[in-house]
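S.K.: Got a structure for you, questions after.
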Amino acid sequence: EIEEALSEADPDNAAAYAANAESVMGKLDSLVAEIDAELQPVKGRGYVVFHDAYQYFETRFGVSAVGSITVSPEILPGAERVSELQEKVRSLDATCVFSEPQFEPKLVATVTENTNAGTGVLDPLGAAIDDGPDLYFTLIRNMARALKECLSRTG
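So in our numbering, spot 102 of the sequence shown is number 114, and the numbers just go up one at a time.
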C-alpha cells in the first residue's frame, strides 16, 4: 500500500518505490524465517511479561506468554503485592519473567525470588537501538534473542 501511494503521488519515481518495496519484502521474509528457526527450540515454554504488549510477535512466531504482571515502573510494590506476584509466577510455571528497560532490575529480582523463573529484558520500543533503516529488523532480532536466551535456561 505504501509503495502504491508513493507511486501515485510521485509517478516519476514509481520504479524506485517498487524496487525498494520488493527489497524490503524480501528482507522481511528472511527475517521471519530466521526468527522462526531461532525460536523453534523454545516454543511451548511459558514466560511472564511485565507489560502485555507482544501479541502480534507471539502470534507470528508461535510463542506465548502464560501471563502478565501489571506493575508500575515508578512505584515499587509492597510486600503483599510482591508475594502475590511471586505466587503468580510459580502457579503459571514460568520459565522466565521478562521486564522492560524502564523497570528497576531489583524489582524483577524481587518478583522472581523464591521461584524457578529466570529473568530477561524485552525492549519493544527499541530504546537502545540507533535510528536507521535496520531499526525494525534489529528490534525484532533483539526480542527473539532475549526470548531464546532466557527460555533456553534450565533451572
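Built from N, CA and C at the ideal position, the CB exists for glycine as well.
Considering Cα atoms alone, identify which of 139, 49 and 60 is closest to residue 124.
M.R.: Of 139, 49 and 60, the residue nearest in Cα terms is 60.
S.K.: Quick one, are the C-beta atoms of residue 19 and residue 29 less than 8 Å apart?
M.R.: yes
S.K.: For residue 155, count neighbouring Cβ atoms within 10 angstroms of its own Cβ and tell me buried if that reaches 16, exposed if not.
M.R.: buried
S.K.: Candidates 17, 48, 45 and 44: which alpha carbon is nearest residue 33's?
M.R.: Shortest Cα-Cα distance from residue 33 to any of 17, 48, 45 and 44 involves 17.
S.K.: Is it buried or exposed, residue 40, if we count other Cβ atoms within 10 angstroms and call 16 or more buried?
M.R.: Around the beta carbon of residue 40, a 10 Å sphere encloses fewer than 16 other beta carbons of the protein chains shown; the residue is thus reported as exposed.
S.K.: Quick one: is residue 132 buried, meaning 16 or more other Cβ sit within 10 Å of its Cβ, or exposed?
M.R.: The Cβ neighbour count for residue 132, taken over all protein chains shown within 10 Å, is at least 16; the residue is labelled buried.
S.K.: Exposed or buried, residue 87, counting other C-beta atoms within 10 Å across all chains shown (16 or more means buried)?
M.R.: The residue is exposed, with fewer than 16 neighbouring Cβ atoms inside 10 Å.
S.K.: Going straight from the alpha carbon of residue 164 to that of residue 77, what length do you get?
M.R.: Their Cα atoms are separated by approximately 15 Å.
S.K.: Taking the straight line between their C-alpha atoms, what separation do you get for residue 75 and residue 121?
M.R.: 23 Å
S.K.: Report the three-state DSSP secondary structure of residue 62 (helix, strand or coil).
M.R.: coil
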